[in-house]
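**Q** Residue numbers (my numbering): 1191 to 1345.
(1) Taking Cβ positions, are residue 1252 and residue 1292 nearer each other than 8 Å?
(2) I'd like the list of long-range same chain contacts for residue 1302, defined as Cβ closer than 6 Å, with 5 residues on each side in sequence excluded.
(3) Enumerated in chain order, which unbroken segments of the alpha helix (DSSP H) with a length of 4 residues or greater are wholly contained in the segment 1220-1265?
(4) For the segment 1254-1270 against the segment 1280-1297, are there 3 or more C-beta pairs whose distance is under 8 Å?
(5) My understanding is that residue 1212 touches residue 1219, with C-beta atoms under 8 Å, so please give their C-beta distance in whole angstroms.
(6) Could you tell me the distance, in whole angstroms, from the CA atom of residue 1255 to the CA atom of residue 1328?
(7) By Cβ distance below 7 Å, which residues in the same chain neighbour residue 1277 in space, the five residues on each side in sequence not counted?
(8) Might you give, ordered along the chain, the residues of its own chain that have their beta carbon closer than 6 Å to the beta carbon of residue 1244, omitting 5 neighbours on each side?
(9) Short of 7 Å in beta carbon distance, which residues of its chain neighbour residue 1206, apart from the five on each side in sequence? Order them along the chain.
(10) Taking its Cβ as the centre, do 16 or more other Cβ atoms sit within 10 Å of residue 1288, making it buried, or is it exposed?
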């Protein structure tokens, strides 16, 4: 048994016995006399103090690995540490760099989650200098092929 459990058990035991000072049980006194004077606290009041920051490094492919899936971000963040946060009942994942949100994705079970803008930026980079319409067509074809592959692996 760790120290926290021992202290919690001791507090519970002490607050369930009659106090020598008030001749009342502290738990009952609080329930009957003091609770009505307390204000409701906002659920998220202490959240910033206990927030666990999840950080990930952006891969050379401009992807962020999170919960066995990859999510795209702008290629200018390659090699940089970014923060990851889940929102809206863990249905959306947001990525931050220096406190500024740089990308949001709907959370899925798909292995690769690409955002159209990120794909365009990757293909516009020096390594892939093509015209805008060629880039868009390449992305459309690649995504169709990927969706077909993913459907085959699901079966």
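From the three backbone atoms N, C-alpha and C, an ideal C-beta is built for every residue, glycine too.
**A** The structure says:
(1) no
(2) 1260
(3) 1237-1240
(4) yes
(5) 7 Å
(6) 24 Å
(7) 1284
(8) Once the five neighbours on either side are set aside, the close Cβ partners of residue 1244 are 1274.
(9) 1215 and 1217
(10) exposed
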